[in-house]
Every structure is written in structure tokens, then in C-alpha cells.
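Asker:
In this note's numbering, the protein residues as written are 207 to 393.
Below is the structure:
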């Protein structure tokens, strides 16, 4: 009887060690899954946090809804002179790149985030400056908003370029530097 009990104990220990090896072995077979998780943040190489803000029509537009395209997040306001002066250049960039194929994205668009506190001033500026991209949104809390602090926007104009996977590629690219950066990622 002792021999039988001893065999059962040994068999149980053996089975437990085998099952532990299988369980722990499966865990270590795919270490890449942990490494593939990209940190969310606003710095180069990080996954841009989502933004969900109101459009001129009152609908909500999320930044993540633009996945698949190269996106310039443009922080601006109607009252900001330098912002308004850069809008003709942004229009030119938008038209030149909107149909282009990129390494991690097909097409280019602008997600215009306004820090205006007055919706009428904002919509008038969109019309006056002929801003044709469909993703115009506003944070009516202005520069003191959670959006401004989360994205570390202390002054405008400011921008962040993200790829089709939502990864931050560049911050603060204006004028020819923006075009140079976009050209780096063309297919």
C-alpha cells in the first residue's frame, strides 16, 4: 500500500511539473507581444492619445477615426495671427499630399484643433481661410483646456505629425520642414 501511495505521489509531482512547464513555456514562447505594446504619449515614437472634439456641425470627430492616413494635428485659433498666416501654406501642403502613399499611411489630412472660445469666430475663420479638410474640431475651453495640457500646447500655432498607425513622427514642423518630414515617409 505504501508503494502504491508513493507511486501516486511521484506521478502527481511528475504531472504537475509537466503541466507547469507547458503553462510557463507557452508564456515565454511569444515575448514579442509585450514589446509590441507602444507607450501612449505625445512624444516621437509614442502612440498619440485619442482626441474626440466637436466639429462645426456639432458632431464629434475622433483623431483615431483618421487611422490609416498620415495626419497633421494642427493646434490653432481664429485670434492667433501666426496661425492664420500659416493657413495658406497648410492648404498647399494638404492639396499636395492628400492623395499620396506613405510608408505607414495612405493619404494625408489635417486634424485642426481650435482653441477658440467663440464658435462663431472659429467657423468664420475656417471659411475665410478656405480650410477644406473635413476634420476641424474645437475645444471651447481654449488654451486652459485639458486638450492643451495633455498635448503640452503652451503656445500656438503648434502641431504634431502622426502616421497611419497613430504613432507620433514629428512635433512642431512648419513651412518647408513639414514638407521635408512628409517627403521622408513617402512610398
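Glycine residues also receive a C-beta, built at the ideal position from the N, C-alpha and C atoms.
(1) Please state the DSSP three-state secondary structure of residue 387.
(2) Let me know the secondary structure DSSP gives residue 265 once reduced to three states.
(3) Using 8 Å as the cut-off, can you tell me whether the segment 293-304 makes contact with the segment 254-264, which would need three or more C-beta pairs spanning the two stretches below that distance?
(4) So what does residue 282 bridge to, in DSSP terms?
(5) Comparing alpha-carbon positions, which option in 294, 306, 362 lies nearest residue 390?
(6) Just how far apart, CA to CA, sit residue 289 and residue 274?
(7) So residue 374 is in the beta strand (DSSP E); what residue range does that whole segment cover?
(8) Who are the near neighbours of residue 374 in its chain, counting only those whose CB is closer than 7 Å to its CB and skipping five residues on each side?
(9) From the DSSP secondary-structure annotation, give me the bridge partner or partners of residue 260.
(10) Could you spell out where the beta strand (DSSP E) holding residue 368 opens and where it closes?
(11) What is the DSSP secondary structure of residue 238, reduced to helix, strand or coil?
(12) Can you tell me which of 383, 361, 370 puts its alpha carbon nearest to the alpha carbon of residue 287?
(13) Do three or more CB pairs link the segment 378-386 to the segment 322-337 at distances below 8 Å?
(14) Roughly how many angstroms separate the alpha carbons of residue 353 and residue 259, rounded to a whole number?
Answerer: Reading from the atomic positions:
(1) Of the three classes helix, strand and coil, the one that applies to residue 387 here is helix, per DSSP.
(2) Note: residue 265 maps to coil in three-state DSSP.
(3) These segments do not touch.
(4) Per DSSP, the beta bridge partners of residue 282 are 320.
(5) If we check each option's Cα against that of residue 390, 306 comes out closest.
(6) Roughly 26 Å separates the two Cα atoms.
(7) 374-377 is the span of the beta strand (DSSP E), which, as asked, contains residue 374.
(8) Cβ neighbours of residue 374 beyond the five flanking positions: 248, 249, 250, 251, 252, 254, 366, 368.
(9) DSSP output for residue 260 lists 266, 344 as bridge partner(s).
(10) Element bounds for residue 368: 364-368.
(11) Because the pLDDT at residue 238 is just 43, under 50, the model does not fix this residue reliably, and the value given afterwards should be weighed accordingly. Correct three-state label for residue 238: helix.
(12) It is 361.
(13) Counting Cβ pairs under 8 Å, fewer than three are found: no touch.
(14) If you take the alpha carbons of residue 353 and residue 259, they lie about 9 Å apart.
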